[in-house]
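Chains as they are written, first to last, in my numbering: chain W, 27 to 573; chain V, 285 to 443; chain F, 181 to 820. Quick notes on the structure that follows.
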Amino acid sequence: MKTKRSMVLVSNDPASQKKGASEVYNQFSKELAAFNLSDEISLTMVSDIHRDDIAPFVIVYPEAVIYGPVKPEDVHHLVEEHLYKGRIAVDLKAPTKQLTGPISWIADRKGTLPAEQRIVLERAGVIDPDSIEEYVIHDGYTALGKALTEMTPQQVINEIKESNLRGRGGAGFPTGSKWGFVASAQGDQKYVICNADESEPGTFKDRLILEGDPHSIIESMTIAAYAVDASEGYIYIRGEYSLAQTRLVNAIQQAKELGFLGENIFGTDFSFDIQIHAGAGAYICGEETALIESIEGKRGEPRPRPPYPTTNGLWNKPTLVNNVETLANIAPIIRNGAAWFNAYGNPSSAGTKVYTILGDVNVTGLIEVPMGITLREVISIYAKGMKNGAKLKLAQTGGSSGSIIPADLQDVPMDYDSFAKAGVTMGSGALLICSDKTCVVDLAKVLINFFRFESCGKCNPCRIGNQRAYQILTKISEGLGTEKDLADLGDISKWLYEMSNCGLGQTAGAPLKDVMSHFVNEVEAHINQKECPAGVCKMSGTMPAQK
Amino acid sequence: MTVNTKQDRDFIKTADEAVDMYHAKKEELIPILMKVNQDLGYIPKPVMEHISSRLQVPQSHLYSVATFYHMFFTEQTGRHVIKFCESAPCHVAGGREVFDALQEDLGISPGGTSDDGKWTLMTTSCLGVCAVGPVMMVDDDIYGNLTPDQIPDILAKYE
Amino acid sequence: MAKITIDGKTIEVENGTTVLNAARQLEVDIPTLCDHPELTPYGGCRLCLVEVEGARTLQPSCTLPVSDGMVVKTETEKIREARKFVLSMIFSERNHFCPYCQVSGGDCELQNSAYAEGMTHWPIQPNWHPYSVDASHPFIILDHNRCILCRRCVRACGELVGNFTLGFEERGADSTLVADLGLPLGESSCIGCGTCVQVCPTGTLIDRWSAYQGKETDVETTKTICLGCSVGCGIDVLTRDNRLVRIEGDWTATINHGLLCDVGRFLPMVEERERILTPMVKTDGKLKAATWDDALKVAAEMISKHKGNLDGVTSTRVSVEAMAQLRNLCEAFDAKSLLTTEDCQAVSAIYHQASSDQSALEGKVEDLLDADCYLTFGEDITKDHQVLSFFAKRRIPEGAQVIQITDKVSGFDNFATITLKVKEKSLADFLIDLKDLISGKSGDMALIAEKYSLDKDELQSTLDALQSSEKSVILFGSRFDFSNSDAVVSATRSLSQAANAKLITTKGNINSVGAAALGYEGAGKVQADLLLMVLADEDLTQCIEQKFEKAPKRVVFSSYVSPLTAGADVVFPVENWLEQDGHIINFDGHILEQHAALESAPEVYSNSNAIEKLASILNVKNNTDWKKELDKFTSPVKIA
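Shown next, in the form of structure tokens:
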């Protein structure tokens, strides 16, 4: 018996019939025959599943994807994408509705339930990263070809501007605007730099993109270079990511061999070359100007801004610096158009975002979802709940300098604007989810220690402020804290923001500030009752020996 | 530098290889130091002197760069270097208990080298493998999902 | 141009001006610590933060360029709190024990900043971690406990002096000032110029002599000239109660712009010679104290007796006024020769060449400031006339090339892009061959390289550098014992013309040019039986002393006891360099003014006055106007 590999069910309930389900069915018949798939794919009908809102709908197995509403003219695209190429046709997917059990609260949620939509991680884990052929099969380098042969640099920039893409490294600066600044800057030489120095604790999205889909970065950088008129590019990658470095070196070599990089790309006048430059263990080199200093062979100490790298960057020339994840969105946007990208997320936060899920939950890992998902959704749907039924106490979003949000803010949509309104930073998308087992003093101490260790040392507030804060938090955790210590911590976090030279210092005090506004009782328990409610802090009564 | 011993000659050879690999360009100082660090396990002062002279870069600049980046060692380490992640995600995943076990097993405090020259223990910042925390690196090997009882077996793998 | 309003006052400034500099133009005082007018802005201390309308956070005024329409406030409640915070952080970082510090009570910029904000104690306790004190250097003490990590010293050592000894090791709270690869300062490549000491805002870098001698508020400052060498650096001499406290570079001086070397800054602090405080006359074979009148009578008699048989000798530390007076007096008594205490012929050689060529073709010190190719030979300029080497070395990071021709170890070895090891005796010939190569007269590079045992590629690079540079300078260290000075000098002049390079010769001592311009022979032979010597306060080498000791009779004007005074017939006490006024002409023809910073003892007069007394008793009128004399000879460098 010949087995079918796929099953297509077209709805035939009255509501669907009214909206042309028969035509849809017939069209499927025709298209399957046209694509020579009739023997492999079975086509049948399905009756009512109480989804009037999406009639006529189509269900495809084995993926159990529900498409709807489907019009006859959509069928060609659906067959080509899903049944022929093997990719879910995301634009036709129906919003899902699951109303039972622990997530019945979703019924209140207006709009779509966020399902994973992989754009930047589309190919990671699916293709062989060492094979340029597989990249090309998956639409690789088509965006570059389109840009170089059908678009002017200004048109490319406009497309990115219209897409409302914002920087994914943490700062959230509108990417199109940044490209515009570099394009219009005066300079006989311009550079494009990919910031692959991913060192934010809890963040490894860039690593997965680089290890799993290195060509996507090469293609996107080349598009960027074309847009801003740069002839040389650098990928600054942290020294610890040796596998990603190897894959990138390989990918660059392959791209050059096939004419996708180097002289006269795609046979046009445009030439662009990329060098890999590895870091050597300094988180601060993720800051744009410190990164540039590092490429110039110096200590990674951030420069005063203004002037900005867009006008005075590498070797004082106009330089575009973009994060890996940001760049990974470029080729898809050029390929599919700004409007397609805008369909994800919401007006202030278009597109998808990669979130890493970490902490006291059942499933840790990485998801890519449209912007606007809430913390509760992340925990319940993707992390499969708190470990051992523990209670959510707080989550830190955006890496070690990100906001600490208490459990009562878990329903705020995670997009730039909603977060900003609630006084929370988005950052790099890391989500560190903590239960009652976490002590806020201990957590704050660990976070400040990171900044103390990674501070470049140039400016006083950061260099000394982090050191003092660490010592004060250690004091509190040993049961030696005083009220003055609280006041000092408040001062330090306030002035770190106001006075530091760069983002590291400016945001180092953010978690401290959040702890003191949302969890001050717990901190005071350490000081006044000499107690650690979570039972974590040593409270030994002595200060540990110092270096 | 004065070349007296075979070690001196080896140092110069390593330094020259690294410098030549990057065409003696001043701005490639960091990759050059990285190559030496990988070849020798650290960057000895005589090597720094030689690189300084070949690149025409002041010694103070070279030293300030070599000590800024924490993947570089300017002193000899133990035969094996353990880097234990002390960032928040690994910590929340239970890192402290594992680190206490590690310290006890090795008998060294962070930054130190064991008396027999076998181990150097260091804490490090996030390595980018957070989903499997707590994490540590021994030389180039990464170990994740650590629990205190795994430590003795892992350490036993190394000579 | 851009308009900026600071605290309600508006000013228009050049594009690129920082907010801090705009404020300075408006006489608005913004406190700073890491900033220094002579150094590139750093932006690290964060004391200079201001409120800028529309900005999210406070902004550093020292690095922020003015943008048109900017509105800035410098004295708000927030800013004052911010300053207090950062100062409290600084005090908590290291161990600032003000009561025990040499600069406490007025000279410490950190302490002054804190007082200015009304602070009287540390708001946050430090962690009491002890830091080291590095006392390995002969001149400088480095106390890390007091360091505020402002990096002024690192910037000064690099940007101003070009030596790059200082750097910073580690990062974050572990950052520490370090020399070379982590050496004690006394074992490092530090050249002891002390520029770091001068710019250090706290008591971290101090010199060994001025400690506790006086503070800025106690001392008097006199601007005068260093007499250490022919460069003639402008200096600030700090004195208190008629004692020398400290010497610093004068930032406003047009020759050196505040730079100074160890010869000018530290060597004069150590004076161990015995001071001559009264005239002395040799009686019964021994020198005995005498009155001026008696001593003058004896000297006058000797001079009259030796008419036509006397030589005039002047130290080159003597002013042109005094030199002119001496010459006047000597000519009145038909002196056989007019000599100086110099020890090499090159200066006279340079002068003679200039006369015969009738050209003042040498450049001025400004030419050193922006050249992109420096060719140096002769003396090691990093050891002698050091400040000139600073100007060359500090251009190296900008891409300037330094090429040295020497067969000895030199202080340029770590800096020079090319070193051509030509033997000293072949230097003149080599310079001529090089000239021919440049001017195209000769094309055989390989042959010439072989002739001098040089690497052909290095010779080619030298040529390329000279020909492709926009501005090249030949730095000829002329205080050097050439066997064939005339030939070398002549070759140098030809080479500079062929290469279209500015020529700068260091000449010799502080007033060697003055002496040559006034017709002194320089280091010539002693011919007469009586020497009329104006030694001033010069510390002569044994060699020179022995040369002059050969003359049977001597009348000496000197500040300090020496073998030459011990064996003299008459000795007159004269003021040392800090005690007298006068003019000198430095290596590039600048007429510089010395100003007295100290008062001398009652019986001690200036060289000028002392010679006048002698001349007067001999009825010799001083009719030499030194200014007019300068026109008589063609000087190698234009005197102005």
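Glycine included, each C-beta is placed from N, C-alpha and C at the ideal position.
* Helix, strand or coil: how does DSSP classify residue 129 of chain W here? -> Within the first sequence, the letter at position 103 stands for residue 129 of chain W. Legend: pLDDT at residue 129 of chain W = 45, less than 50; position of this residue unreliable, no value from coordinates given.
* Taking C-alpha atoms, which residue in W/85, W/413 and W/236 lies nearest to residue 93 of chain W? -> Position 67 of the first sequence, counted from the start, is the residue given in the question as residue 93 of chain W. Of the candidates W/85, W/413 and W/236, the one whose C-alpha sits nearest the C-alpha of residue 93 of chain W is W/85.
* Asked: At a cut-off of 6 Å, is residue 418 of chain F close to the ligand PLP when judged by its beta-carbon and the heavy atoms of the ligand?
  -> The model depicted lacks the ligand PLP and carries no ligand whatsoever.
* Ends of the beta strand (DSSP E) at residue 182 of chain F? -> By one-based count along the third sequence, residue 182 of chain F stands at place 2. Note, residue 182 of chain F: beta strand (DSSP E), 182-186.
* Could you give the DSSP three-state label for residue 393 of chain V: helix, strand or coil? => Stepping through the second sequence from its first residue, residue 393 of chain V is reached at position 109. The answer is coil: DSSP assigns residue 393 of chain V none of H, G, I, E or B.
* Under 7 Å between C-beta atoms, does residue 821 of chain F make it to chain W? -> Look at the range of chain F in this structure, 181 to 820, and you will see that residue 821 of chain F is not part of it.
* Are the CB atoms of residue 378 of chain W and residue 370 of chain W nearer to each other than 7 Å? -> Counting from one through the first sequence, the residue named residue 378 of chain W turns up at place 352. Counting from one through the first sequence, the residue named residue 370 of chain W turns up at place 344. A contact, by the Cβ cut-off of 7 Å.
* **residue 682 of chain F, buried or exposed, once every other Cβ within 10 Å from all chains shown has been counted against 16** => What you label residue 682 of chain F is simply residue 502 of the third sequence in a count that begins at 1. Counting Cβ neighbours within 10 Å, residue 682 of chain F comes out buried, since at least 16 surround it.
* Simplified DSSP assignment, three categories, for residue 138 of chain W -> Numbered from its first residue, the first sequence carries residue 138 of chain W at position 112. In this prediction, residue 138 of chain W has a pLDDT of 45, which is less than 50 and means its spatial position is unreliable; nothing more can be read from the coordinates.
* To do: Can you give me, in chain order, the residues of the stretch 336-366 of chain F that have a beta carbon less than 7 Å from any beta carbon in chain V?
  => Answer set for the stretch 336-366 of chain F: 344, 345, 346, 347, 348, 349, 350, 351, 358, 359, 360, 361 and 362.
* Asked: In or out: residue 354 of chain V buried (at least 16 other Cβ within 10 Å) or exposed?
  -> To locate residue 354 of chain V, count along the second sequence from 1; it is residue 70. Buried, by the Cβ-count rule.
* Straight-line CA distance for residue 277 of chain F to residue 240 of chain F? -> The residue labelled residue 277 of chain F in the question sits at position 97 within the third sequence. The residue labelled residue 240 of chain F in the question sits at position 60 within the third sequence. Whole-angstrom Cα-Cα distance: 28 Å.
* **Those residues which DSSP pairs with residue 417 of chain W across a bridge** => The count along the first sequence starts at 1 and reaches residue 417 of chain W at position 391. According to DSSP, residue 417 of chain W bridges with nothing at all.
* Asked: Would you say residue 265 of chain F reaches chain W, if we count a Cβ-Cβ gap shorter than 7 Å as a contact?
  -> Translated into positions along the third sequence, residue 265 of chain F becomes position 85. Chain W, which has a Cβ nearer than 7 Å to the Cβ of residue 265 of chain F, makes this yes.
* Asked: Considering only C-alpha positions, which residue in the set W/565, W/552 and W/477 is nearest to residue 535 of chain W?
  -> Taking the first residue of the first sequence as 1, we reach residue 535 of chain W at position 509. From the listed residues W/565, W/552 and W/477, the smallest Cα separation to residue 535 of chain W is found for W/477.
* Indicate whether at least one CB of chain W lies closer than 7 Å to the CB of residue 412 of chain V. => Within the second sequence, numbered from 1, the residue matching residue 412 of chain V stands at position 128. For residue 412 of chain V, the answer is yes, since a Cβ of chain W falls inside 7 Å of its Cβ.
* Measure how close the beta-carbons of residue 198 of chain F and residue 245 of chain F come, nearest whole angstrom, since I'm counting them as under 8 Å. => Locating residue 198 of chain F in the third sequence gives position 18, counting from the first residue. Locating residue 245 of chain F in the third sequence gives position 65, counting from the first residue. Between residue 198 of chain F and residue 245 of chain F a beta carbon distance of about 6 Å is seen, short of the 8 Å cut, so the two are scored as contacting.
* Asked: Would you call the CB atoms of residue 698 of chain F and residue 503 of chain F closer than 7 Å?
  -> Here residue 698 of chain F refers to the residue found at position 518 of the third sequence. Here residue 503 of chain F refers to the residue found at position 323 of the third sequence. Closer than 7 Å, so yes.
* Asked: Looking at the C-beta of residue 266 of chain W, does it have a partner C-beta in chain V at a distance below 7 Å?
  -> The residue labelled residue 266 of chain W in the question sits at position 240 within the first sequence. Interface residue (Cβ-Cβ distance to chain V less than 7 Å): residue 266 of chain W is classified as such.
* Using the beta-carbon of each residue, which ones in chain W are nearer than 9 Å to residue 237 of chain F? -> Position 57 of the third sequence, counting from 1, holds the residue named residue 237 of chain F. The contacting residues are 523, 524, 525, 526 and 532.
* **Min CB distance residue 327 of chain V to chain F below 7 Å** => What you label residue 327 of chain V is simply residue 43 of the second sequence in a count that begins at 1. Taking Cβ atoms only, chain F never reaches closer than 7 Å to residue 327 of chain V, which makes this a no.
* Asked: Taking only beta-carbon atoms, is residue 672 of chain F less than 7 Å away from chain W?
  -> Here residue 672 of chain F refers to the residue found at position 492 when the third sequence is read from its first residue. Residue 672 of chain F does not count as touching chain W.
* Listing by chain order, which chain W residues have their CB less than 8 Å from the CB of residue 223 of chain F? -> Translated into positions along the third sequence, residue 223 of chain F becomes position 43. At a beta-carbon threshold of 8 Å, the residues of chain W lying near residue 223 of chain F are 330, 484, 485 and 527, ordered along the chain.
* Closest Cβ-Cβ distance between residue 226 of chain F and chain W: below 7 Å? -> Locating residue 226 of chain F in the third sequence gives position 46, counting from the first residue. Closer than 7 Å to some Cβ of chain W, the Cβ of residue 226 of chain F qualifies, so yes.
* To do: Indicate whether at least one CB of chain F lies closer than 7 Å to the CB of residue 351 of chain V.
  => The residue given as residue 351 of chain V occupies position 67 in the second sequence. Judged by the 7 Å Cβ criterion, residue 351 of chain V is in contact with chain F.
* Give a yes or no on whether the C-beta atoms belonging to residue 634 of chain F and residue 600 of chain F are separated by under 7 Å. => Mapped onto the third sequence, residue 634 of chain F falls at position 454. Mapped onto the third sequence, residue 600 of chain F falls at position 420. In contact: residue 634 of chain F and residue 600 of chain F (Cβ atoms closer than 7 Å).
* the stretch 387-404 of chain V: which residues have C-beta closer than 7 Å to a C-beta of chain F, in chain order? -> Only those residues of the stretch 387-404 of chain V whose C-beta falls short of 7 Å from the nearest C-beta of chain F would be listed, and there are none.
* Asked: Does any CB atom of chain W fall closer than 7 Å to the CB of residue 307 of chain V?
  -> Against the second sequence, residue 307 of chain V aligns to sequence position 23. No, because no Cβ of chain W sits closer than 7 Å to the Cβ of residue 307 of chain V.
* Going by alpha carbons, who is nearest to residue 307 of chain W out of V/369, V/393 and V/388? -> Residue numbering aside, residue 307 of chain W sits at position 281 when the first sequence is read from its first letter. It is V/369 whose Cα lies nearest to the Cα of residue 307 of chain W.
* Asked: List, in order along the chain, the chain B residues whose C-beta lies closer than 7 Å to that of residue 310 of chain V?
  -> The structure shown contains no chain B; the protein chains it does contain are W, V and F.
* Asked: Taking Cβ positions, are residue 494 of chain F and residue 506 of chain F nearer each other than 7 Å?
  -> Counting from one through the third sequence, the residue named residue 494 of chain F turns up at place 314. Counting from one through the third sequence, the residue named residue 506 of chain F turns up at place 326. The Cβ atoms of residue 494 of chain F and residue 506 of chain F sit closer than 7 Å to each other.
* Asked: Taking the Cβ atom as the reference point for each residue, do residue 223 of chain F and residue 330 of chain W lie within a distance shorter than 7 Å?
  -> To locate residue 223 of chain F, count along the third sequence from 1; it is residue 43. To locate residue 330 of chain W, count along the first sequence from 1; it is residue 304. Yes, the Cβ-Cβ distance between residue 223 of chain F and residue 330 of chain W is below 7 Å.
* residue 172 of chain F and residue 598 of chain F: beta carbons closer than 7 Å? -> For chain F, the structure presents residues 181 to 820; residue 172 of chain F sits outside this window and is missing.
* To do: Identify the contact partners of residue 318 of chain V in chain W, using a Cβ-Cβ distance below 8 Å as the criterion.
  => Position 34 of the second sequence holds residue 318 of chain V. Within 8 Å Cβ-Cβ: 265, 304 and 306.
* Asked: Where does residue 280 of chain F sit, in a helix, a strand or coil, going by DSSP?
  -> Here the question's residue 280 of chain F lines up with position 100 in the third sequence. DSSP places residue 280 of chain F in helix when its eight states are reduced to three.
* Roughly how many angstroms lie between the CA atoms of residue 719 of chain F and residue 295 of chain V, to the nearest whole one? -> Start at 1 with the first residue of the third sequence, and residue 719 of chain F comes out as number 539. Start at 1 with the first residue of the second sequence, and residue 295 of chain V comes out as number 11. Straight across, the Cα-Cα distance linking residue 719 of chain F with residue 295 of chain V is about 47 Å.
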